[in-house]
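Protein chains in written order, with our numbering: chain A, 3 to 223; chain B, 3 to 223. For each residue, glycine too, the CB sits at the ideal point set by N, CA and C.
There are 2 protein chains.
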Amino acid sequence: VSAARGRRVGDSGTREAIADAARAQFASHGYHGATIRAIAAAAGVDPALVHHYYGTKESLFAAAMRLPVVPSEVLAAALEPAARAARSGPGFGELMVQTALTLWESDELSDTFLGLLRSAVTSEQAAVMLSEFIADSIFATLARVAGLETPKNSPEAEYRISMVATQMLGLALTRMVLGLPAVADASVDDLAATVGPAIDRYLTGEIPVPARRRRRRAGGH
Amino acid sequence: VSAARGRRVGDSGTREAIADAARAQFASHGYHGATIRAIAAAAGVDPALVHHYYGTKESLFAAAMRLPVVPSEVLAAALEPAARAARSGPGFGELMVQTALTLWESDELSDTFLGLLRSAVTSEQAAVMLSEFIADSIFATLARVAGLETPKNSPEAEYRISMVATQMLGLALTRMVLGLPAVADASVDDLAATVGPAIDRYLTGEIPVPARRRRRRAGGH
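Structural data, given as structure tokens:
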């Protein structure tokens, strides 16, 4: 799963210009606020060319952030097969923890993942951008694979997936950044068996789902 | 609960020198590695005077980091009363989440807390220091209040408390730093009811506790 579509000889300058423009637009307007139209204008090209080179907004984001892969595609590919078997029943959470830890700690992804986390923690702008990106791309994929409604259309699905995010990002923070010994030393399988049932409960268990929520932009600093 | 003991007129220069020396020693040697003896030597005073001014190593750390309170003391005071009632049975986790969120989001503490988290995420040195501090001071207090063994002497207690830390720090990261909307907008009570049972399970439920662990320094980057 590559972050960028096939390239022809000679168009690398234009591609690069689009990625540079996208990086600036995402940084200043967030993931939601940045539009393909504005990115195209800033790069001095037609919006159709942006679509031609990069396909979806997420692929363009992945290219602009120099991610080696498109996160939701990798996640979906890794989770789909077993999700068909478990379909958010018992065992799905365990699988999700195993998959996420294995991806984050892979040579290909760990620097990128930690870099995104670091920038989000130190820059409000980056936090808004990452938060919106997670909510748009990762959450939709997770919900689909887990058999929930689309988070954008369902406050309950959004709350459930967000609670999964609290546990998964906390695992990443304590294991990969803080290096809390008992978390850093534990095997992926032990962590998956420990955390998996909590994930299952957030996805499908009885939890108090806030009835209605005021919509607002991410980045509640 | 104040981070510093009573002061006499005229000794503020010495106190300040000790706090400055402590800050430097904690930063370069970590929380475990920094000794009262070395801090006293760096400040040019007798170790007894460090004890006299600051009491415990944790109080000295709190003063050096300019924390407005000594974290484990505030935590213990906030958790003790209800812990006597719940004693790590159902309901204790919910109380812990309520207490932690209320503390972290208080005017007095939120800047300090976010500052520590930011520095730990951006500096390996700060991560080691914070991780060791959490493991030494916060974990011991949490384990005592929850009725577990001392984490330093029990790999099982350390693993259980560390898993609590993965969830609690993930909640802080997503709510206060990333500002994921569904987490940032939820009430403290809803979050406590959602996350509490996961905390209870980590503390007392059936989870696969790694049998033996190689001891090592924190900060597994």
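If you reduce the DSSP assignment to three classes, tell me which class residue i lands in.
i	result
B/M178	helix
A/S125	coil
A/A188	coil
B/D13	coil
B/E60	helix
B/G207	coil
A/M98	helix
A/G93	coil
B/V47	coil
A/T104	helix
B/T1	As shown, chain B starts at 3 and ends at 223. That puts residue 1 of chain B outside it, with no answer to give.
A/K154	helix
A/D22	helix
A/G198	helix
A/M131	helix
B/P212	coil
A/R162	helix
B/T143	helix
B/P73	helix
A/A36	coil
B/G149	coil
Pick out whichever of the options has its Cα sitting closest to the Cα of residue i.
i	options	result
A/S164	A/A142, A/R25 and A/A65	A/A142
A/G198	A/M178, A/Q169, A/L180 and A/R120	A/Q169
A/F94	A/T196, A/R39 and A/G35	A/T196
B/L77	B/A159, B/S30 and B/A102	B/A102
B/A184	A/E208, A/I136 and A/L193	A/I136
A/V123	A/L171, A/Y56 and A/L62	A/L171
A/Q127	A/R17, A/F28 and A/S14	A/F28
B/A194	B/E110, B/T176 and B/Q100	B/Q100
B/A14	B/V52, B/I209, B/A80 and B/A148	As written in the sequence, residue 14 of chain B is Ser, which differs from the Ala given in the question. Ranking B/V52, B/I209, B/A80 and B/A148 by Cα distance to B/S14 puts B/V52 first.
B/L116	B/L180, B/T58, B/I209 and B/R86	B/L180
B/A50	B/A44, B/E60 and B/I38	B/I38
A/P210	B/V211, B/P70, B/M67 and B/E96	B/E96
B/D22	B/L173, B/A42, B/L132 and B/T58	B/A42
B/V147	B/L62, B/E75, B/E60 and B/T16	B/E75
B/L182	A/L182, A/R162 and A/M178	A/R162
B/A31	B/S121, B/R120 and B/L132	Reading the sequence as shown, one finds His at residue 31 of chain B and not Ala. Ranking B/S121, B/R120 and B/L132 by Cα distance to B/H31 puts B/L132 first.
A/R25	A/S139, A/P157, A/M67 and A/A85	A/M67
Go ahead and label residue i buried or exposed: buried means 16 or more other beta carbons lie within 10 angstroms of its beta carbon, across all protein chains shown.
i	result
A/D187	buried
B/I20	buried
A/P73	buried
A/D202	buried
A/K154	exposed
B/S189	exposed
A/E177	Note on identity: in this sequence residue 177 of chain A is Arg, with Glu being the wrong assignment. A/R177 comes out buried.
If the cut is a Cβ gap below 8 angstroms, which residues of chain D does residue i touch?
i	result
B/R203	No chain D appears in the structure shown, which is made up of the protein chains A and B.
Checklist line | chain B contacts made by the stretch 158–176 of chain A, where a contact means CB separation under 9 angstroms | finding: So the list reads E160, Y161, R162, I163, S164, M165, A167, T168, Q169, M170, L171, G172, L173, A174, L175 and T176, given in the order they occur along the chain.
Notebook entry, point to check: When you check each C-beta in the stretch 112–136 of chain A against every C-beta of chain B, which residues fall closer than 8 angstroms?
Noted result: Listed by position along the chain: L119, R120, A122, V123, T124, A129, V130, L132, S133 and I136.
Next item on the list: Taking a Cβ distance cut-off of 9 angstroms, strictly less, list which residues of the stretch 46–79 of chain B are near chain A, in chain order.
Entry: Taking 9 angstroms as the cut-off between beta carbons, none of the residues of the stretch 46–79 of chain B comes near chain A.
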